[in-house]
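Participant: Numbering (my numbering), first residue to last: 74 to 436.
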Ligand SMILES: Nc1ncnc2c1ncn2[C@@H]1O[C@H](COP(=O)(O)OP(=O)(O)OP(=O)(O)O)[C@@H](O)[C@H]1O
Ligand SMILES: [Mg+2]
């Protein structure tokens, strides 16, 4: 049976350069049994520290960790029944693959049916033929699969993975995403996964916890975070986004009137963290959701093209609003239709978007 996992006010402080510093500050999280949940965030935001506290390699300054309703905060790492897969596979170089995978069970003295268990674990990761080889005779992806088999053979109730794919080349990384997800679902194992690759997080996860400076910015399904970012940080970190500063003039039935430079456009109200009417607000609009206004389009704003990049299938235009020439340009990504040419820099045009595609949030 898969188990639940709960982090309550989990905090880790360090003394850094003589000053106290909070690496992880009050993380609250409830993970469902069998769920695949990813910690996503920039370097140094506290992903590894959080995972290491869950594993028991790091002692929290305060807060608790519960597995299946049991408080394990003071339980030693080797008694938590968790498996940890690291970025660098950490296999024993002098041991054959068979012995690497068998290692944990031998240490525990559980040698009954050992051969069958090792072979089953290797089969699960598609490496049944590799048992006689040494780690340096395997590719990076194969070594990482051995690392996974070595952990899975112990039947952990929680699987923890810290950037397990970051040492692999791009193609292998894509393949391993699917493999890890397949195995995790087959075994119905509760999984915490760390990455700073947003594509990896979006494609693999049931839910994502976005972290920044040791705290949670937002937790949600990949689509939820993409469609309804709660903060400018999440909007910008998940996918690409233009953040346009203006005011919320009116709000009705989940939509708002957003004014910028005397123009009013309609967009969805953010559900997580909406601004109040009359206050400063940010309009989040993704480059691929902006288009060059056609006849009859509502929601239009005049802009001037300041740069353009031909990317083959698409053209990326950088445009500015009148009076915003000094600010970061707005990116528009439009499909390229052969024969239509490119718009010259300096050209004025109108950009438009459908109200559903824009989200109004608090700055
Ligand atoms: N043992 C330690 N002593 C002091 N500071 C630490 C220690 N371990 C981590 N930190 C600090 O805590 C912060 C969070 O580190 P952590 O390793 O959790 O980040 P991360 O999100 O995993 O980053 P990355 O994506 O680079 O792996 C960093 O500022 C780091 O310097
Ligand atoms: Mg890390």
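By construction, the Cβ of each residue, glycine as well, lies at the ideal position given by its N, Cα and C atoms.
Extract the residue ranges of the beta strand (DSSP E) inside the stretch 339-412, only unbroken runs of 3 or more that lie entirely within it.
Facilitator: Qualifying beta strand (DSSP E) stretches, in chain order: 353-358, 373-383, 387-393 and 403-408.
Participant: Taking only the alpha-carbon atoms, compute the straight-line gap between residue 191 and residue 355 and give it to the nearest angstrom.
Facilitator: Within the chain shown, residue 191 is the residue found at index 118, counting from 1. Within the chain shown, residue 355 is the residue found at index 282, counting from 1. Their Cα atoms are separated by approximately 55 Å.
Participant: Using the C-alpha atoms, what's the distance from residue 297 back to residue 245?
Facilitator: The residue labelled residue 245 in the question sits at position 172 within the chain shown. The residue labelled residue 297 in the question sits at position 224 within the chain shown. Answer to the nearest angstrom: the Cα atoms are 28 Å apart.
Participant: Do the stretch 231-239 and the stretch 281-301 meet, that is, are 3 or more Cβ pairs less than 8 Å apart?
Facilitator: Contact between the stretch 231-239 and the stretch 281-301 is absent, because fewer than three Cβ pairs lie under 8 Å.
Participant: State the CB to CB distance for the pair residue 405 and residue 424, rounded to an integer number of angstroms; the pair is presumed to be in contact (CB under 8 Å).
Facilitator: Position 332 of the chain shown, counting from 1, holds the residue named residue 405. Position 351 of the chain shown, counting from 1, holds the residue named residue 424. Going by Cβ atoms, the distance from residue 405 to residue 424 rounds to 6 Å, so yes, they are a contact pair.
Participant: Determine the closest residue to residue 441 out of 308, 348, 334 and 410, with distance taken between C-alpha atoms.
Facilitator: Here the chain comprises residues numbered 74 to 436, so residue 441 is not present and cannot be evaluated.
Participant: Check residue 96 in the structure and name its three-state DSSP category.
Facilitator: As a first step, residue 96 is located in the chain shown; it is residue number 23 there, counting from the start. Reduced to three states, the DSSP call for residue 96 is strand.
Participant: Does the beta carbon of residue 97 fall short of 7 Å from some heavy atom of ligand 2?
Facilitator: The residue labelled residue 97 in the question sits at position 24 within the chain shown. No, Cβ of residue 97 sits at least 7 Å from all heavy atoms of ligand 2.
Participant: Please report the straight-line C-alpha distance between residue 361 and residue 278, rounded to a whole angstrom.
Facilitator: By 1-based counting over the chain shown, the position of residue 361 is 288. By 1-based counting over the chain shown, the position of residue 278 is 205. Distance between the alpha carbons of residue 361 and residue 278: 23 Å.
Participant: Would you say the beta carbon of residue 114 comes nearer than 7 Å to a heavy atom of ligand 1?
Facilitator: Your numbering for residue 114 matches position 41 in the chain shown. Correct: residue 114 has its Cβ closer than 7 Å to ligand 1.
Participant: Between the alpha carbons of residue 146 and residue 110, how many angstroms are there, rounded?
Facilitator: To locate residue 146, count along the chain shown from 1; it is residue 73. To locate residue 110, count along the chain shown from 1; it is residue 37. Computed Cα separation, rounded: 20 Å.
Participant: Rounding to the nearest angstrom, what Cα-Cα distance links residue 76 and residue 227 in this structure?
Facilitator: Position 3 of the chain shown, counted from the first residue, corresponds to residue 76. Position 154 of the chain shown, counted from the first residue, corresponds to residue 227. About 16 Å.
Participant: My parser needs the alpha helix (DSSP H) runs of 4 or more residues fully inside the stretch 243-317; what are they?
Facilitator: Taking only runs of at least 4 residues, the alpha helix (DSSP H) segments lying wholly in the stretch 243-317 are 243-260, 271-277, 295-300 and 305-310.
Participant: With a cut-off of 8 Å, do at least 3 Cβ pairs link the stretch 91-104 to the stretch 193-204?
Facilitator: Counting Cβ pairs under 8 Å, fewer than three are found: no touch.
Participant: What's the C-alpha gap between residue 166 and residue 178?
Facilitator: Numbered from 1 along the chain shown, position 93 holds the residue referred to as residue 166. Numbered from 1 along the chain shown, position 105 holds the residue referred to as residue 178. Roughly 18 Å between the two C-alpha positions.
Participant: Does DSSP put residue 104 in a helix, a strand or coil?
Facilitator: The residue given as residue 104 occupies position 31 in the chain shown. In the structure shown, residue 104 sits in a strand (DSSP, three-state: E or B).
Participant: Would you list the residues sitting across from residue 119 in a DSSP beta bridge?
Facilitator: Within the chain shown, numbered from 1, the residue matching residue 119 stands at position 46. According to DSSP, which records beta bridges pairwise, residue 119 is partnered with nothing at all.
Participant: According to DSSP, what are the bridge partners of residue 418?
Facilitator: Within the chain shown, residue 418 is the residue found at index 345, counting from 1. Answer is none; residue 418 lacks a bridge partner.
Participant: Would you list the residues sitting across from residue 432 in a DSSP beta bridge?
Facilitator: By 1-based counting over the chain shown, the position of residue 432 is 359. BP columns for residue 432 point to 341 and 357.
Participant: Would you say the stretch 327-347 touches the stretch 386-400, given that touching needs at least three Cβ pairs under 8 Å?
Facilitator: At 8 Å Cβ cutoff, the stretches touch.
Participant: Please determine whether the Cβ atom of residue 121 lies at a distance below 7 Å from any heavy atom of ligand 2.
Facilitator: On the chain shown, residue 121 is found 48 positions in, with the first residue counted as 1. Within the cutoff, so yes.
Participant: Roughly how many whole angstroms lie between the Cα atoms of residue 341 and residue 144?
Facilitator: Counted from its first residue, the chain shown places residue 341 at position 268. Counted from its first residue, the chain shown places residue 144 at position 71. Whole-angstrom Cα-Cα distance: 41 Å.
Participant: Could you tell me whether the Cβ atoms of residue 154 and residue 219 are closer together than 8 Å?
Facilitator: Position 81 of the chain shown, counted from the start, is the residue given in the question as residue 154. Position 146 of the chain shown, counted from the start, is the residue given in the question as residue 219. Their beta carbons are not under 8 Å apart, which means residue 154 does not touch residue 219 by this criterion.
Participant: Where DSSP assigns a beta bridge to residue 234, which residues make up the other side?
Facilitator: Here residue 234 refers to the residue found at position 161 of the chain shown. Residue 234 is bridged to 158 and 266.
Participant: Do you know how far the Cα of residue 201 is from the Cα of residue 221?
Facilitator: Locating residue 221 in the chain shown gives position 148, counting from the first residue. Locating residue 201 in the chain shown gives position 128, counting from the first residue. Those two C-alpha atoms are separated by around 14 Å.
Participant: Could you check which residue in 287, 310, 363 and 388 has the C-alpha nearest to that of residue 123?
Facilitator: Translated into positions along the chain shown, residue 123 becomes position 50. With distances taken between Cα atoms, residue 123 lies closest to 287.
Participant: Which whole runs of the beta strand (DSSP E) in the stretch 124-157 are 3 residues long or more, in chain order?
Facilitator: 135-140, all fully within the stretch 124-157.
Participant: Classify residue 215: buried if its beta carbon has 16 or more other beta carbons within 10 angstroms, exposed otherwise.
Facilitator: As a working mapping, residue 215 is identified with position 142 in the chain shown. Answer is buried; the Cβ neighbour count reaches 16.
Participant: Consider the C-beta atom of residue 87 and the heavy atoms of ligand 1; say whether any pair is separated by less than 7 Å.
Facilitator: Mapped onto the chain shown, residue 87 falls at position 14. Because some heavy atom of ligand 1 lies under 7 Å away, the Cβ of residue 87 counts as near it: yes.
Participant: To the nearest angstrom, how far is it from the Cα of residue 127 to the Cα of residue 419?
Facilitator: Here residue 127 is taken as the residue at index 54 of the chain shown, counted from 1. Here residue 419 is taken as the residue at index 346 of the chain shown, counted from 1. Rounded to the nearest angstrom, the two C-alpha atoms are 55 Å apart.
Participant: In the DSSP assignment, what are the bridge partners of residue 424?
Facilitator: Numbered from its first residue, the chain shown carries residue 424 at position 351. Partner(s): 365 and 374.
Participant: Hey, residue 82 and residue 142: beta-carbon distance below 8 Å or not?
Facilitator: The residue you call residue 82 lines up with position 9 of the chain shown. The residue you call residue 142 lines up with position 69 of the chain shown. No, these two residues do not count as a Cβ contact at 8 Å.
Participant: Using DSSP with H/G/I as helix, E/B as strand and the rest coil, what is residue 187?
Facilitator: Taking the first residue of the chain shown as position 1, residue 187 is located at position 114. Reduced to three states, the DSSP call for residue 187 is helix.
Participant: Identify whether residue 172 lies in helix, strand or coil by the three-state DSSP scheme.
Facilitator: The residue labelled residue 172 in the question sits at position 99 within the chain shown. Helix at residue 172.
Participant: Starting from residue 85, follow its DSSP beta bridges and name the residues at the other end.
Facilitator: Residue 85 sits at position 12 when you count from the first residue of the chain shown. Looking at the DSSP assignment, residue 85 forms a beta bridge with 97.
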